[in-house]
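Beneath this line is the structure, given in structure tokens, with notes to follow.
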Amino acid sequence: MRKIYLVIVMAFFAIVCSAQINRVAKWEGGFYFGVTNPIGAFHNGDAKIGAMMGIDLRYNIQDSPWDFGAFIELCTAMRDFYKDGSYAYQNNRTTVVGIVSHYNFGQGRQVNPYIGLGLGFALNDVVGSRVYPSKHHSLAISPRIGVELLRHLRVDCHTEISRKGFHTIGLTLGLAFGGGKKK
99 MRKIYLVIVM AFFAIVCSAQ INRVAKWEGG FYFGVTNPIG AFHNGDAKIG AMMGIDLRYN
159 IQDSPWDFGA FIELCTAMRD FYKDGSYAYQ NNRTTVVGIV SHYNFGQGRQ VNPYIGLGLG
219 FALNDVVGSR VYPSKHHSLA ISPRIGVELL RHLRVDCHTE ISRKGFHTIG LTLGLAFGGG
279 KKK
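Numbering-wise (this note's numbering), the sequence shown opens with residue 99 and increments by one.
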């Protein structure tokens, strides 16, 4: 429940604040990769660091700090299990295809902080060792906050909320192409 309040506060903050608007190219996209950590309990498993990667394509709205676009990403929620005296691990994988929008506080500048929200369709499954097998689909909500440095390097903290046992929080590093300051 606290996560929902955090998303609402972030959205309110974005609406109330004004951003410096610079002319930027219409389209930008990129790829990102990083680490994740599971959120919440799942069958008394011990959380482990997992991996994530994704790509996105965004359209910068002219004379506006907003962008919107689409993304595809893969997140893992890794856990160790000690059951009946034996050890096993489980990799809960979420593949998300969705839409995303960001509010840019310094669009077109060398340092551009942003907040955003992604919504998508998630495929949740278990790969590798299957202590607790699962294969479902769900809605994914992905609030994110980050900064774009030198108009091309993106550092992002995000949360992927889709299904119990598959929720993650992560830190990513990415490269953006296009979208630089329009001359």
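By construction, the Cβ of each residue, glycine as well, lies at the ideal position given by its N, Cα and C atoms.
Between which two residues does the beta strand (DSSP E) holding residue 238 run?
233-247
Leaving aside the five residues before and after residue 270 along the sequence, list all residues of the same chain whose C-beta is less than 6 Å from its C-beta, in chain order.
130, 132 and 254
For residue 226, which of helix, strand or coil comes out of DSSP?
coil
Just checking residue 243 against the ligand NAP - is the residue's beta carbon closer than 8 Å to any of the ligand's heavy atoms?
In the structure on display, the ligand NAP does not appear, and there are no ligands present to speak of.
Using only CA atoms, which one of 238, 249, 258 and 206 lies nearest to residue 272?
249
Looking at C-alpha atoms only, which residue of 213, 178 and 276 is the closest neighbour of residue 243?
213
Between which residues of its own chain and residue 211 is the CB-CB distance below 7 Å, once the five residues before and five after are set aside?
203, 204 and 245
Give me the DSSP bridge partner(s) of residue 188.
177
When the Cα atoms are used, what is the spatial distance from residue 68 to residue 198?
Residue numbering for the chain in the displayed model covers 99 to 281; residue 68 lies beyond these limits and cannot be assessed.
Give me whichever residues DSSP pairs with residue 146 in a beta bridge.
176
Looking at residue 169 and residue 196, is the spacing between their C-beta atoms short of 9 Å?
yes
What would DSSP say about residue 260, mapped onto helix, strand or coil?
coil
Counting Cβ pairs, one atom from each stretch, are 3 or more of them under 8 Å apart for the stretch 172-179 and the stretch 135-148?
yes
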